[in-house]
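Down below is the structure, laid out as structure tokens.
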Amino acid sequence: MAAARAMAAGCVSHLPQCVNSSVVKGSQRTALLPAASLSLRAAPLHQSFVQRSAVKSRRFQVCKVVSAEYTVKEEGAAESLEYRVFFSDKSGKTISPWHDIPLHAGDGLYNFVVEIPKETSAKMEVATEEPSTPIKQDTKKGKLRFYPYNINWNYGLLPQTWEDPSHSNSDVENAFGDNDPVDVVEIGERQAKIGEVLKVKPIAVLAMIDEGELDWKVVAISIDDPKADLVNNVADCEKHFPGTLTAIRDWFRDYKIPDGKPANRFGLDNKPADKDYALKVIEETNNAWANLVKRSVPAGELSLV
0 MAAARAMAAG CVSHLPQCVN SSVVKGSQRT ALLPAASLSL RAAPLHQSFV
50 QRSAVKSRRF QVCKVVSAEY TVKEEGAAES LEYRVFFSDK SGKTISPWHD
100 IPLHAGDGLY NFVVEIPKET SAKMEVATEE PSTPIKQDTK KGKLRFYPYN
150 INWNYGLLPQ TWEDPSHSNS DVENAFGDND PVDVVEIGER QAKIGEVLKV
200 KPIAVLAMID EGELDWKVVA ISIDDPKADL VNNVADCEKH FPGTLTAIRD
250 WFRDYKIPDG KPANRFGLDN KPADKDYALK VIEETNNAWA NLVKRSVPAG
300 ELSLV
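What follows is the structure in structure tokens.
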């Protein structure tokens, strides 16, 4: 199965204009991903992970996001419990952005699936326990979740990776994996859109420890960014994006504090590891994912389709 999935390739790079607009209530109709106005509202600082009521109806534009390989569509109203973003291949078959989009994009690059566009606050994530693993908004006690403030970078996942919760990492306080795909923080200047698949090159990695679980944050840059050719490692990032790595670490360290929770911690001496270490993390978690989909390790509640 892993070999078959590796045949898929491509990225969502062209965002055509929307064709019309409509009012959507709950999940009464299927709509395609809005190419405009995907910047979601930021939550005030004092409303960290505020449990807002789901939006009952919302007017938004209906359009397709299409590439040579993938189509992305919305179902349900944005900022509702029913909201989902599904992925299809060019034959129209529904695919999983986690399992079916290949990790490797060729020439040492990797595919990065955007879950949360920069400068937005809705906590979007791949639904790892749902068939086809669509993107949805995270919930807590049945309420939609928002960050206490905007995230300043595009955020998402590396497909075909998995942080194994049965594996402890001797480099990072013997912490166990968090049972999710590896997260990516993309530092390019452009605000991406939910469901885009960007080709990126890793620059560094941070070893975040969240409530005792290891939650890697791979720092990367889109190859389409104007500075992409200049940035290949931590030193380059400090030169061309000064202060960014520290800002990323501090953002993820502190974002739960307004909600009354303790700050997250970081292993590896509280510093970003360089590109070579990031590539090692990616390879190890790709191997863990391969074992998962081969059912060599228990999947638990995770969807493998």
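When you line the sequence shown up against numbering that gives the first Met the number 0, it's residues 0 to 304, in that order.
Glycine residues also receive a C-beta, built at the ideal position from the N, C-alpha and C atoms.
These numbers come from a predicted model, not from an experiment.
Less than 8 Å separating the beta-carbons of residue i and residue j?
| i | j | result |
| --- | --- | --- |
| residue 111 | residue 185 | yes |
| residue 217 | residue 277 | yes |
| residue 361 | residue 258 | Since the first residue of the chain shown is 0 and the last is 304, residue 361 is not available in this structure. |
| residue 274 | residue 227 | no |
| residue 109 | residue 281 | yes |
| residue 300 | residue 128 | yes |
| residue 173 | residue 208 | no |
| residue 145 | residue 122 | yes |
| residue 91 | residue 82 | no |
Quick check: the Cα distance between residue i and residue j, rounded to an integer number of angstroms?
| i | j | result |
| --- | --- | --- |
| residue 143 | residue 255 | 16 Å |
| residue 191 | residue 119 | 11 Å |
| residue 175 | residue 249 | 22 Å |
| residue 272 | residue 220 | 16 Å |
| residue 296 | residue 234 | 38 Å |
| residue 135 | residue 96 | 12 Å |
| residue 48 | residue 240 | Low confidence applies to residue 48: its pLDDT is 38, below 50, so where it sits in the model is not reliable enough to give any reading. |
| residue 293 | residue 68 | 25 Å |
| residue 187 | residue 137 | 25 Å |
| residue 270 | residue 170 | 13 Å |
| residue 229 | residue 159 | 28 Å |
| residue 189 | residue 177 | 29 Å |
| residue 79 | residue 126 | 15 Å |
| residue 36 | residue 70 | Confidence in residue 36 is poor, its pLDDT being 33 and thus under 50, which makes the residue's placement too unreliable to answer from. |
| residue 140 | residue 225 | 42 Å |
| residue 149 | residue 214 | 20 Å |
| residue 168 | residue 291 | 18 Å |
| residue 285 | residue 89 | 25 Å |
Assign residue i to one of three DSSP states: helix, strand, or coil.
| i | result |
| --- | --- |
| residue 247 | helix |
| residue 173 | coil |
| residue 234 | helix |
| residue 88 | strand |
| residue 254 | coil |
| residue 166 | coil |
| residue 263 | coil |
| residue 288 | helix |
| residue 103 | strand |
| residue 306 | Residue 306 falls outside the range modelled here, since the chain spans only 0 to 304, and no answer is possible. |
| residue 82 | coil |
| residue 140 | coil |
| residue 281 | helix |
| residue 203 | strand |
| residue 135 | strand |
| residue 301 | coil |
| residue 224 | coil |
| residue 72 | strand |
| residue 149 | strand |
| residue 293 | coil |
| residue 214 | strand |
Looking at residue i and the ligand HEM, is the gap between the Cβ and the nearest heavy atom below 7 Å?
| i | result |
| --- | --- |
| residue 142 | Although the ligand HEM was asked about, the structure shown includes no ligands whatsoever. |
Would you grab the beta carbon distance between residue i and residue j for me? Rounded to a whole angstrom, and I think it's under 8 Å.
| i | j | result |
| --- | --- | --- |
| residue 206 | residue 267 | 5 Å |
| residue 84 | residue 133 | 6 Å |
| residue 116 | residue 153 | 6 Å |
| residue 130 | residue 156 | That pair is no contact at about 18 Å. |
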